[in-house]
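Numbering (this note's numbering), first residue to last: 288 to 595.
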């Protein structure tokens with residue numbers, strides 16, 4: 288049984304409600320117009336990417352017919368008009384997304400059933416960071432994501448994002464270098480998490496730990512592996528190099544070395560902060576604790592921190 292159809296206007300209204308809530312929150316906190324405009328620009332960029340991703344997926348599955356193209360175009364225009372109105376609250380909105388339009392009337396009377404929906408979610412991470420002057424400041428990361436789903440007749444598709452971005456709010460004083468380092472570190476946490484949990488690396492390190500190897504030992508082996516991978520002389524004698532504790536981990540030498548290399552680079556980018564290792568670990572601990580193998584990641588990273 289098909290669910291109720293969602294019009295282009297409903298879709299636009301849902302997206303704009305999500306963005307508007309964030310803008311109103313910033314205004315309540317006393318944010319200036321420059322900060323608000325940055326948020327709107329970030330939302331506009333994320334929404335544009337989300338629409339493009341959604342169209343690509345629909346096209347790849349043969350669902351991007353004329354009716355769906357028309358609905359996406361109508362919804363996109365309403366969202367753009369709504370964002371323009373948010374950027375200029377003193378001006379009259381160019382279009383009311385709740386009003387009935389001729390385009391919407393045509394869409395809802397199509398013979399082919401089409402449904403689109405948007406669901407927004409947000410997560411907040413709050414942590415203390417020590418500045419180079421020794422002051423403690425509170426940093427809040429607000430990560431927002433919208434999900435896209437579509438059905439057309441008996442076919443369905445879901446999973447694309449309309450928007451994905453984060454805000455960084457600081458209670459205290461950080462200089463520009465420290466702010467940039469925190470922003471980069473946030474991206475690095477996601478990338479490191481994807482590398483560790485996205486494939487077999489986390490499970491392979493866990494298997495080695497179950498055999499009695501601790502995070503320090505595995506970190507030491509991994510740093511040696513990284514060093515060998517960067518040395519042409521060592522590569523020439525790779526056949527005689529000691530293998531890793533398990534066949535599974537040994538087969539993942541390349542992703543393991545890549546993870547270690549990225550971890551070191553993340554610490555290097557975080558060097559403007561007074562405690563880059565602690566800050567990276569704290570960020571991971573607050574952002575990734577629900578991962579079932581997080582304790583493996585934590586033990587391995589602690590081993591790297593002791594050796595670096």
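Backbone N, C-alpha and C define an ideal beta-carbon position, used for all residues, glycine too. Computed from a prediction, not measured in an experiment: that's the story for all the values here.
Exercise for the section: Using a threshold of 7 angstroms, state whether the C-beta atoms of residue 493 and residue 359 are closer than that. Expected result: Locating residue 493 in the chain shown gives position 206, counting from the first residue. Locating residue 359 in the chain shown gives position 72, counting from the first residue. Result no, Cβ atoms of residue 493 and residue 359 do not sit closer than 7 angstroms.
Practice task
Write down the C-beta distance between residue 424 and residue 566 rounded to the nearest angstrom, noting that I regard them as a contact closer than 8 angstroms.
Solution key: Along the chain shown, one-based indexing puts residue 424 at 137. Along the chain shown, one-based indexing puts residue 566 at 279. Not a contact, Cβ separation roughly 11 angstroms.
Problem - Where residue 316 falls: helix, strand or coil (DSSP) - result: As a first step, residue 316 must be located in the chain shown, where it is residue number 29. In the structure shown, residue 316 sits in coil (DSSP, three-state: anything other than H, G, I, E or B).
Handout entry: Rounded distance between the beta-carbons of residue 369 and residue 471, thought under 8 angstroms
Key = Start at 1 with the first residue of the chain shown, and residue 471 comes out as number 184. Start at 1 with the first residue of the chain shown, and residue 369 comes out as number 82. Between residue 369 and residue 471 the Cβ distance is about 32 angstroms, and since that is not below 8 angstroms, they are no contact.
Exercise for the section: Could you tell me if residue 465 is buried or exposed, where buried requires 16 or more neighbouring beta carbons within 10 angstroms of its beta carbon? Expected result: Taking the first residue of the chain shown as position 1, residue 465 is located at position 178. Its Cβ being crowded by 16 or more others within 10 Å, residue 465 is buried.
Handout entry: residue 530 - DSSP class collapsed to helix/strand/coil
Key = For the purposes of this step, residue 530 is taken as residue 243 along the chain shown, with counting starting at 1. Note: residue 530 maps to coil in three-state DSSP.
Exercise for the section: Taking all protein chains shown into account, decide if residue 405 is buried (16 or more other Cβ within 10 angstroms of its Cβ) or exposed. Expected result: The residue given as residue 405 occupies position 118 in the chain shown. Low local confidence applies: a pLDDT of 36 at residue 405 is under 50, so the model's placement there is unreliable, with the coordinate-based value given in what follows. Buried is the call here.
Exercise for the section: Give the single residue among 532, 460, 373, 510 whose Cα lies nearest to the Cα of residue 549. Expected result: For the purposes of this step, residue 549 is identified with residue 262 of the chain shown, where counting begins at 1. The option with the nearest alpha carbon to residue 549 is 510.
Exercise for the section: Identify every run of the alpha helix (DSSP H) within the segment 463 to 507, keeping only runs that are complete inside it and at least 4 residues long; order them along the chain. Expected result: Restricting attention to alpha helix (DSSP H) runs no shorter than 4 residues, the segment 463 to 507 encloses them at 463 to 484, 488 to 497, ordered along the chain.
Exercise for the section: Within the same chain, show all residues whose beta-carbon is closer than 7 angstroms to that of residue 508, passing over the 5 residues directly before and after it, in chain order. Expected result: Indexing the chain shown from 1 puts residue 508 at position 221. Excluding the 5 residues flanking it on each side, residue 508 has same chain C-beta neighbours closer than 7 angstroms at 531, in chain order.
Handout entry: Same chain, Cβ closer than 6 angstroms to residue 536, neighbours up to 5 away in sequence not counted
Key = For the purposes of this step, residue 536 is taken as residue 249 along the chain shown, with counting starting at 1. So the qualifying residues of the chain are 491, 495.
Handout entry: Sequence-distant residues of its chain with Cβ nearer than 8 angstroms to residue 488 (five each side left out)
Key = Your numbering for residue 488 matches position 201 in the chain shown. Answer for residue 488: 482, 539, 542, 543, 546, listed in chain order.
Practice task
Quick one: using the 10 Å Cβ neighbour count with 16 as the cut-off for buried, is residue 362 buried or exposed?
Solution key: Mapped onto the chain shown, residue 362 falls at position 75. Buried, since its Cβ has 16 or more Cβ neighbours within 10 Å.
Practice task
Please report how far the alpha carbon of residue 403 lies from the alpha carbon of residue 355, in whole angstroms.
Solution key: Your numbering for residue 403 matches position 116 in the chain shown. Your numbering for residue 355 matches position 68 in the chain shown. Caution is warranted here: a pLDDT of 37 is assigned to residue 403, below 50, making its placement in the model unreliable, and no coordinate value can be reported.
Practice task
Check whether the Cβ atoms of residue 558 and residue 502 sit closer than 7 angstroms, and answer yes or no.
Solution key: Here residue 558 refers to the residue found at position 271 of the chain shown. Here residue 502 refers to the residue found at position 215 of the chain shown. The criterion of a C-beta distance shorter than 7 angstroms is not satisfied by residue 558 and residue 502.
Problem - Rounded straight-line distance, which links the Cα of residue 474 to that of residue 556 - result: Residue 556 sits at position 269 when you count from the first residue of the chain shown. Residue 474 sits at position 187 when you count from the first residue of the chain shown. Looking at the two C-alpha atoms, the distance is approximately 11 angstroms.
Practice task
Pull up the distance between the alpha-carbon of residue 480 and that of residue 335, whole angstroms please.
Solution key: Here residue 480 is taken as the residue at index 193 of the chain shown, counted from 1. Here residue 335 is taken as the residue at index 48 of the chain shown, counted from 1. Roughly 26 angstroms separates the two Cα atoms.
Practice task
May I ask you to report which of helix, strand or coil DSSP gives residue 432?
Solution key: Translated into the one-based positions of the chain shown, residue 432 becomes position 145. Per-residue confidence for residue 432 stands at a pLDDT of 47, beneath the threshold of 50, marking its modelled position as unreliable; the derived number appears in the next sentence. Shown here, residue 432 sits in a strand according to DSSP, grouped into three states.
Problem - With 16 other Cβ atoms within 10 Å as the buried cut-off, status of residue 304 - result: One-based indexing of the chain shown puts residue 304 at position 17. In this structure residue 304 is exposed. Its beta-carbon is surrounded by fewer than 16 other beta-carbon atoms within 10 angstroms.
Exercise for the section: Tell me whether the beta-carbon of residue 597 lies closer than 7 angstroms to the beta-carbon of residue 310. Expected result: This structure leaves residue 597 out entirely; the chain is present only between 288 and 595.
Practice task
Return the CA-CA distance between residue 460 and residue 588, expressed in angstroms with no decimal places.
Solution key: Numbered from 1 along the chain shown, position 173 holds the residue referred to as residue 460. Numbered from 1 along the chain shown, position 301 holds the residue referred to as residue 588. Annotation: residue 460 to residue 588 spans about 29 angstroms, alpha carbon to alpha carbon.
Exercise for the section: Pick helix, strand or coil for residue 451, following the three-state DSSP scheme. Expected result: Looking up residue 451 in the chain shown gives position 164. Annotation note: pLDDT 39 at residue 451 (below 50); position unreliable, coordinate value reported separately. Correct three-state label for residue 451: strand.
Handout entry: Coarse secondary structure for residue 419, derived from DSSP in three states
Key = For the purposes of this step, residue 419 is taken as the residue at position 132 of the chain shown. If DSSP states are grouped into helix, strand and coil, residue 419 belongs with coil.
Exercise for the section: Express the C-alpha separation of residue 333 and residue 364 in angstroms, rounding to a whole number. Expected result: Here residue 364 corresponds to residue number 77 of the chain shown, with the count starting at 1. Here residue 333 corresponds to residue number 46 of the chain shown, with the count starting at 1. If you take the alpha carbons of residue 364 and residue 333, they lie about 15 angstroms apart.
Exercise for the section: For residue 240, name the three-state secondary structure that DSSP assigns. Expected result: Outside the shown range of the chain (288 to 595) lies residue 240, about which nothing can therefore be said.
Exercise for the section: Along the alpha helix (DSSP H) that carries residue 374, what are the first and last residues, could you check? Expected result: Numbered from its first residue, the chain shown carries residue 374 at position 87. DSSP places residue 374 in the uninterrupted alpha helix (DSSP H) bounded by 353 to 374.
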